[in-house]
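Engineer:
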Amino acid sequence: MKSGECAINLGLKSPSSTLFGSKSANVNEITKDVVGVVGMPSDWTHSSRIGARHGPEALRRATTRLVEEYLPSHHDTFFDATHGGEWSRNNASWILDCGDADIDPVSVEQTTEAIASMTESVRLAGGVPLALGGDHFNSYPACLGYSRALSKIDPTHKIGYIQIDGHLDFSDRLGAWGHFNHATNGRRISELPNIVKENMVWIGVSGWVDGGELELIESMGGKVYSSGDVHRLGAKEVARLALEHATKNSDSLYLSMDIDAMDAGYLPGTGSIVHSGITPKNYCDILDVIAKHSIGGMDIAEVAPSLDPSGRTEAISAHLLYSVLREKMLRPVK
Amino acid sequence: MSLRTGPLPRMAGDLTFMRSHRGALTEINDKSLAIIGIPMEDNVGLSSGYRMSPQALRETSVYFGWQANPQFSHPVDVDARKKIDTSSIHDRMVDLGDIPVEGLGRSVADNLVSDVFNAVRQRGASIIALSGDQRSVNTVLETQANSEKLSFIQIGGHTPSSWTQGIPSARADVDSLISNGTLLAKNTAFLTPLSTSPCEFLTQYRGQGGQVISAKQLSRISMPEFREFRLALTENTDSLVVNLDLSAFASPLHGMSSKRRFNGVSVTSLQSVMTEIGQSPVSTLIVTGMNPTVNGMSVVKTGQRLLVTVLLGYIYGRLGLLTSLKREEN
Numbered sequence: 018m019k020s021g022e023c024a025i026n027l028g029l030k031s032p033s034s035t036l037f038g039s040k041s042a043n044v045n046e047i048t049k050d051v052v053g054v055v056g057m058p059s060d061w062t063h064s065s066r067i068g069a070r071h072g073p074e075a076l077r078r079a080t081t082r083l084v085e086e087y088l089p090s091h092h093d094t095f096f097d098a099t100h101g102g103e104w105s106r107n108n109a110s111w112i113l114d115c116g117d118a119d120i121d122p123v124s125v126e127q128t129t130e131a132i133a134s135m136t137e138s139v140r141l142a143g144g145v146p147l148a149l150g151g152d153h154f155n156s157y158p159a160c161l162g163y164s165r166a167l168s169k170i171d172p173t174h175k176i177g178y179i180q181i182d183g184h185l186d187f188s189d190r191l192g193a194w195g196h197f198n199h200a201t202n203g204r205r206i207s208e209l210p211n212i213v214k215e216n217m218v219w220i221g222v223s224g225w226v227d228g229g230e231l232e233l234i235e236s237m238g239g240k241v242y243s244s245g246d247v248h249r250l251g252a253k254e255v256a257r258l259a260l261e262h263a264t265k266n267s268d269s270l271y272l273s274m275d276i277d278a279m280d281a282g283y284l285p286g287t288g289s290i291v292h293s294g295i296t297p298k299n300y301c302d303i304l305d306v307i308a309k310h311s312i313g314g315m316d317i318a319e320v321a322p323s324l325d326p327s328g329r330t331e332a333i334s335a336h337l338l339y340s341v342l343r344e345k346m347l348r349p350v351k
Numbered sequence: 573m574s575l576r577t578g579p580l581p582r583m584a585g586d587l588t589f590m591r592s593h594r595g596a597l598t599e600i601n602d603k604s605l606a607i608i609g610i611p612m613e614d615n616v617g618l619s620s621g622y623r624m625s626p627q628a629l630r631e632t633s634v635y636f637g638w639q640a641n642p643q644f645s646h647p648v649d650v651d652a653r654k655k656i657d658t659s660s661i662h663d664r665m666v667d668l669g670d671i672p673v674e675g676l677g678r679s680v681a682d683n684l685v686s687d688v689f690n691a692v693r694q695r696g697a698s699i700i701a702l703s704g705d706q707r708s709v710n711t712v713l714e715t716q717a718n719s720e721k722l723s724f725i726q727i728g729g730h731t732p733s734s735w736t737q738g739i740p741s742a743r744a745d746v747d748s749l750i751s752n753g754t755l756l757a758k759n760t761a762f763l764t765p766l767s768t769s770p771c772e773f774l775t776q777y778r779g780q781g782g783q784v785i786s787a788k789q790l791s792r793i794s795m796p797e798f799r800e801f802r803l804a805l806t807e808n809t810d811s812l813v814v815n816l817d818l819s820a821f822a823s824p825l826h827g828m829s830s831k832r833r834f835n836g837v838s839v840t841s842l843q844s845v846m847t848e849i850g851q852s853p854v855s856t857l858i859v860t861g862m863n864p865t866v867n868g869m870s871v872v873k874t875g876q877r878l879l880v881t882v883l884l885g886y887i888y889g890r891l892g893l894l895t896s897l898k899r900e901e902n
C-alpha cells in the first residue's frame, strides 16, 4: 500500500494525488460511513486494449483537480449550477484514501485476495469501499471483499447489485484468460453467496451481446436496461426502475460503474469502446438518482488514460465520482 | 464447423475479418461473402493514411468473430432480441486478403483491382471491400458495369460536385459515371451526404430520378418505407453496389475522417438501414473513409468500431440470418 500524504502545510502539493485530495490513511483508520478508497492498478485481466492500470492514478489526479476547480479552498460556499442550491464543504473526514492494493500481474488469485482483503477491511470497519480500477475484472475482488465482510457482520444480509456498463460481463470464461477477466466479473459476482441474483441489474448495455448470457441473466430474474432503454425512457427513469429492482429484496446496494457505458465519441479512453449514444450527462443523471439511495460499496473501472490523448476520459470519470459522492462531499447551506 | 475448438487469446492468430477463414479465389462460389482489402488512397496532402483502414477494420472485427469461438453461444442485439445462428458464417465468409496495390501507379493499381473484382464476380460471390478512401469506388463501379447493370447507393461522403460544369473532377466522381451512361441517375441514391452540393446538381439529378436522402430523413424513415425505396431503386438492375463511408456519422463521434460534419446519422439508424440493404442482391459493399492514422486516433479506434458495428447488421442480413433489427413486441 502507498501513503502519499504531504505532512508540512506550506501550500505545497503532494506529487502523488489522492482521491478528491483526501487524506491518505491505512484501512484500519476507516470509521463508520467513511468512504474508503482502494486503488486497483491492474489491467492484466483485460483481453485486448490495456491501459486501465493507470486508472487509479488518473482518477486521483483528475478528482484533485476537480476539487481545486469546483471547490477552491479560498471559498466557503459554492453554488451548484447543475443541481441548484448553495453548498458548503463537508469538513468532516468523509473519505480516506487507503492507497493501492498489491497487484501481482502473474497471479490473478493473489491480486484478487489483495483487493478483497482491503475492501473487506473497509466494510468491516463500517466504511463504504470505493474501489478504483483497473479493468472491470477488478470489480469482482472489490465486491468479493464487500460480500465477505457482510457475511461476517450478518450471515443473512442480502446484497442488491447495479452494474452500469456497455457490456454484460457475464461470460463464464474468456479464451486464454479463463474464468477471471474483464468479461466475467458480473458472472463471478452473481456467484457470491449473499448477492441476490434476481436483484442484479445492468444499465447501458449496447449493441451485440452474447445471447446465452442475456438469457441466463433474465432467466434468473435479473434486469438489463440497454442504452436504447436509456434513450427511450430517459436516464432518470431507467435509474429509478433499476434501483427499485435492485433493492426489492436486499439489505444493501453495491454499485459497479464501468465508464464504457458511455459513447466512445465522448469518452474514448477505455479498453472496450461502444457507440451507445449515452452521454456523460445521461450517466450523471443515472448516478444522481442512485446516489439518493444508500450505497454500501462501489467501484469504478476501465479508465485508461493512455488511450485518450485528449485527457477528457479521466476528467469525465472524475465528474462521475463527484456525482455519486456529491451528497457526502457537500452540505447544504441553510 | 467452428474455426477452432479451444480458446485462444483474442488477438492471436491469423488476422482475418471477423475471424472468417482465409481462402483462395478458387474456394468461393455464389453463396460466398468475399472479404477483400483495397489498401489504396489518394495519398497526398495532410490526410494520408486511409490505406491503413483494411487492417484496422480487421483488427476491430475480431471482437465480433463469435462464429469462430466455441465459448460464445450466439450474438443478439440487446434491443432487437433476435438470435443470430452463426453456424453458416464460417463456410460462407471468406477473407481473400488485400489486393497488393502498394507502390503501384494509379492505372496499374486500378487494373489490378479490376482483375480481382472480375474474377470474384465471375464466381458469383458477393464482396465486402475494405478500402481506403473513396477513390476505389469508381474503379469498382466501372469494372462491374462492364458485365452487370448496376444500381448504386452511397452512404455518407460528398454528392458529386462537378455535375453542372460537365467537367469530371480529378477523382472522377460518380457523376462522371452517370454522365457517360454507366449508371442511370434513377438507379442511384445518396444517403446522408455532406451538405456541400450545389443546388444545380440536386435539381438536375433529382430531375432524372436520382435520390438524395438526408441524415435527418434517414433517421425518420421506417424500414418498410426504406424497403420500398430500395426495391424501386434496384428495379431492372442486376445488382446493387453500396459505398459506406465513415463520414455518414458525425465527426465528433470518431474524428477519423477528413470530411467534417456535425449532423450525421446514428449507429442504430444506420445499422437498421444496412440490415435492410443486406436483404437485396448487393454485389459489392465498399467501406471507405476511415483514416486510422490521424494523430492520436490510432489508439482510440472509434471509427472502426462504428463501421464494424454497422457492418454486422449488413452481414447478418446479406447471409439471410437477420431480416430486421426491429424488436417484435409480444
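If you read the sequences in order, they're chains A and B.
Residues in the first sequence are numbered consecutively from 18, following this note's numbering.
Residues in the second sequence are numbered consecutively from 573, following this note's numbering.
Cβ atoms here follow ideal geometry from the backbone N, Cα and C, with glycine treated the same way.
Because the structure is a prediction, the values reported are computed rather than measured.
Determine, using beta carbons only, whether R205/A comes closer than 8 Å to chain B.
Structural biologist: The sequence position of residue 205/A within the first sequence is 188, counting from 1. No, its Cβ sits nowhere closer than 8 Å to a Cβ of chain B.
Engineer: Between the Cα of I170/A and those of T80/A, H184/A, R140/A, spot the shortest distance and give me the residue it belongs to.
Structural biologist: For the purposes of this step, residue 170/A is identified with residue 153 of the first sequence, where counting begins at 1. Looking at the Cα atoms, R140/A is the closest of the given residues.
Engineer: Starting from K214/A and walking both ways along the beta strand (DSSP E), at which residues does that stretch end?
Structural biologist: Within the first sequence, numbered from 1, the residue matching residue 214/A stands at position 197. Counting along the chain, the beta strand (DSSP E) containing K214/A begins and ends at 212–222.
Engineer: Should I290/A be flagged as near chain B, meaning a C-beta pair shorter than 8 Å?
Structural biologist: For this step, residue 290/A is matched to residue 273 along the first sequence. Yes, I290/A counts as interfacial toward chain B.
Engineer: Which residue spans inside the stretch 123–205 of chain A form an unbroken alpha helix (DSSP H) run of at least 4?
Structural biologist: Correct list: 125–141, 156–170.
Engineer: For the stretch 226–239 of chain A against the stretch 279–289 of chain A, do three or more pairs of beta-carbon atoms, one drawn from each stretch, fall closer than 8 Å, so that the two count as touching?
Structural biologist: No, because fewer than three Cβ pairs between the stretch 226–239 of chain A and the stretch 279–289 of chain A fall closer than 8 Å, the two stretches do not touch.
Engineer: When you compare the CB positions of W111/A and M346/A, do they come within less than 8 Å of one another, or not?
Structural biologist: Translated into positions along the first sequence, residue 111/A becomes position 94. Translated into positions along the first sequence, residue 346/A becomes position 329. Contact flag set, yes.
Engineer: Would you decide whether Q726/B is buried or exposed? Buried here means 16 or more other CB atoms lie within 10 Å of its CB.
Structural biologist: In the second sequence, counting from the first residue as 1, residue 726/B sits at position 154. Classification for Q726/B: buried.
Engineer: DSSP puts M274/A in a beta bridge; with which residues?
Structural biologist: The residue you call residue 274/A lines up with position 257 of the first sequence. DSSP output for M274/A lists I181/A, I317/A as bridge partner(s).
Engineer: Roughly how many angstroms separate the alpha carbons of G144/A and V51/A, rounded to a whole number?
Structural biologist: Here residue 144/A refers to the residue found at position 127 of the first sequence. Here residue 51/A refers to the residue found at position 34 of the first sequence. Their backbone Cα atoms lie some 5 Å apart in a straight line.
Engineer: So, is P172/A buried or exposed, given that buried needs 16 or more other C-beta atoms within 10 angstroms?
Structural biologist: On the first sequence, position 155 is the one that residue 172/A refers to. It counts as exposed.
Engineer: Let me check understanding here. Comparing Cα to Cα, which of L774/B, E848/B, S625/B lies closest to V882/B?
Structural biologist: Here the question's residue 882/B lines up with position 310 in the second sequence. Measuring from the Cα of V882/B, the nearest candidate turns out to be E848/B.
Engineer: List the residues that DSSP assigns as beta-bridge partners of N815/B.
Structural biologist: Indexing the second sequence from 1 puts residue 815/B at position 243. Paired residues: Q726/B, I858/B.
Engineer: Put H593/B into one of helix, strand or coil per three-state DSSP.
Structural biologist: Mapped onto the second sequence, residue 593/B falls at position 21. DSSP places H593/B in strand when its eight states are reduced to three.
Engineer: Would you list the one or two residues that DSSP bridges to L113/A?
Structural biologist: On the first sequence, position 96 is the one that residue 113/A refers to. L113/A pairs with K40/A, G53/A.
Engineer: Counting only beta-carbon separations shorter than 8 Å, does I333/A have a partner in chain B?
Structural biologist: Position 316 of the first sequence holds residue 333/A. Chain B contact via Cβ: absent.
Engineer: Would you mind telling me which residues of chain A sit closer than 7 Å to Q881/B, beta carbon to beta carbon, in chain order?
Structural biologist: Numbered from its first residue, the second sequence carries residue 881/B at position 309. Checking the sequence, you will find Thr at residue 881/B rather than Gln. Within 7 Å Cβ-Cβ: G224, H292.
Engineer: Whose CA, out of V650/B, S852/B, V680/B, R792/B, lies closest to the CA of S243/A?
Structural biologist: Within the first sequence, numbered from 1, the residue matching residue 243/A stands at position 226. That would be V650/B, whose Cα lies nearest to the Cα of S243/A.
Engineer: For F95/A, which three-state DSSP category applies?
Structural biologist: Counting from 1 along the first sequence, the entry for residue 95/A is found at position 78. DSSP places F95/A in strand when its eight states are reduced to three.
Engineer: Could you say which of N641/B, N710/B, V866/B, L891/B lies nearest to A584/B if we only look at CA atoms?
Structural biologist: For the purposes of this step, residue 584/B is taken as residue 12 along the second sequence, with counting starting at 1. When only C-alpha atoms are compared, the closest one is N641/B.
Engineer: Could you have a look at W61/A and say whether DSSP puts it in helix, strand or coil?
Structural biologist: Taking the first sequence and counting its residues from 1, the one referred to as residue 61/A is at position 44. The answer is coil: DSSP assigns W61/A none of H, G, I, E or B.
Engineer: Verify the CB distance criterion: does V55/A have a CB-CB separation below 8 Å to chain B?
Structural biologist: On the first sequence, residue 55/A is found 38 positions in, with the first residue counted as 1. Chain B contact via Cβ: absent.
Engineer: Beta strand (DSSP E) containing T760/B: first to last residue?
Structural biologist: By 1-based counting over the second sequence, the position of residue 760/B is 188. From DSSP, the beta strand (DSSP E) with T760/B extends over 760–763.
Engineer: Applying a beta-carbon distance threshold of less than 8 Å, which residues of chain A neighbour H646/B?
Structural biologist: Residue mapping note: residue 646/B aligns to position 74 of the second sequence, counting from 1. Those are D227, G228, G229, listed as they occur along chain A.
Engineer: Would you verify that the beta carbon of S267/A is, or is not, closer than 8 Å to some beta carbon of chain B?
Structural biologist: The residue you call residue 267/A lines up with position 250 of the first sequence. Cβ-Cβ to chain B under 8 Å: no for S267/A.
Engineer: Give the residues from the stretch 645–665 of chain B that approach chain A closer than 7 Å (Cβ to any Cβ), ordered along the chain.
Structural biologist: Within the stretch 645–665 of chain B, the qualifying residues are S645, H646, P647, V648, D649, V650, D651, K655.
Engineer: Taking only the alpha-carbon atoms, compute the straight-line gap between Y163/A and M795/B and give it to the nearest angstrom.
Structural biologist: Within the first sequence, residue 163/A is the residue found at index 146, counting from 1. Within the second sequence, residue 795/B is the residue found at index 223, counting from 1. One C-alpha to the other measures close to 48 Å.
Engineer: Less than 8 Å between the C-beta atoms of D602/B and A691/B, yes or no?
Structural biologist: The residue given as residue 602/B occupies position 30 in the second sequence. The residue given as residue 691/B occupies position 119 in the second sequence. No; because the gap between Cβ atoms is not below 8 Å, this pair is not in contact.
Engineer: For chain A, find out if any of its Cβ atoms is closer than 8 Å to the Cβ of L884/B; answer yes or no.
Structural biologist: Taking the first residue of the second sequence as position 1, residue 884/B is located at position 312. True, the Cβ-Cβ gap to chain A drops below 8 Å.
Engineer: Taking the beta carbon of Q513/B as the centre, do at least 16 other beta carbons fall within 10 Å, making it buried, or is it exposed?
Structural biologist: Because chain B here runs from 573 to 902, residue 513/B falls outside it and cannot be looked at.
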